[in-house]
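Okay, so here's the structure we're looking at.
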Amino acid sequence: MKLLYLMRDPFGSDANKIGITSFRSAKVRLGTYQNSFPGKSHLATFNKVWYGEDNPVKELEKTLKNQFGYAIQFEGRGFTEWVYEKEETILKQINETIAGYHYHVYPVDTDGENVYTIDSLIGNLEEAQHDNNLSSNRLGKSHEKEYTSNP
């Protein structure tokens, strides 16, 4: 299983990182991002999260990067996951892409996951996977909702 995540620019610009990570690597990925900031001033957070089997999540990421190619700076290390667009534009495109391509990728009902909360989320998702219950959200809400930007 993999996660697709959207991470807001911690400095407030209209840039959002779109990336994927495996369940196993999610905490390490967040820890790597956290190492770039002092812990007292910023907590690295996956602000929006989706999950699914490996291939649909990989294909979704590839499709999104093609769709946002105009807004991604491709020069230099670390640029290819940052989309220079407003969050609401990105969330709308993610929702439309999942629906339009019929990707079996589901939003997680969360206000954000960080190094202190990601293990609990992964545990809940693994439990749902174990129960063969991926179509219902073990975290309390239907997967039919779409993400919208926070005001």
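The sequence shown begins at 282 in the working numbering and counts up by one.
Every residue gets a Cβ at the ideal spot worked out from N, C-alpha and C, and that includes glycine.
Three-state class that DSSP yields for residue i in the structure shown
i    : result
K298 : strand
E394 : strand
P337 : helix
V309 : helix
Y387 : strand
S317 : coil
S401 : helix
L406 : helix
L372 : helix
E425 : Low confidence applies here, because E425 scores a pLDDT of 40, under 50, leaving its location unreliable; read the following figure in that light. E425: coil per DSSP, three-state reduction.
L345 : helix
For residue j and residue i, believed in contact at Cβ under 8 Å, the rounded distance
i    : j    : result
Q348 : Q315 : Between Q315 and Q348 the Cβ distance is about 29 Å, and since that is not below 8 Å, they are no contact.
L372 : L285 : Incorrect: roughly 12 Å between the Cβ atoms, too far for contact.
I353 : V364 : 6 Å
P291 : F318 : 7 Å
V396 : V330 : That belief does not hold up - the Cβ atoms of V396 and V330 are roughly 14 Å apart, past 8 Å.
Status (buried if at least 16 other CB within 10 Å, exposed otherwise) for residue i
i    : result
K426 : Model confidence at K426 stands at a pLDDT of 48, short of 50, so the residue's coordinates are unreliable; what they give is reported in the following sentence. It is exposed - the Cβ of K426 has fewer than 16 other Cβ atoms within 10 Å.
G255 : No information on residue 255 is available, as it lies outside the stretch 282 to 432 that the chain covers here.
G381 : exposed
K276 : Residue 276 is absent from the model: the chain starts at 282 and stops at 432.
Inter-residue spacing [alpha-carbon to alpha-carbon] between residue i and residue j
i    : j    : result
S303 : Y387 : 15 Å
K308 : S401 : 11 Å
H385 : I301 : 15 Å
G393 : L311 : 12 Å
M288 : S294 : 12 Å
K321 : I403 : 25 Å
S306 : T378 : 25 Å
E407 : T398 : 15 Å
I299 : D335 : 16 Å
T370 : Q410 : 30 Å
Per DSSP, the bridge partner or partners of residue i
i    : result
I353 : V364
Contact with chain B by residue i, beta-carbon distance below 8 Å
i    : result
L284 : In the structure shown, chain B does not exist; there is a single protein chain.
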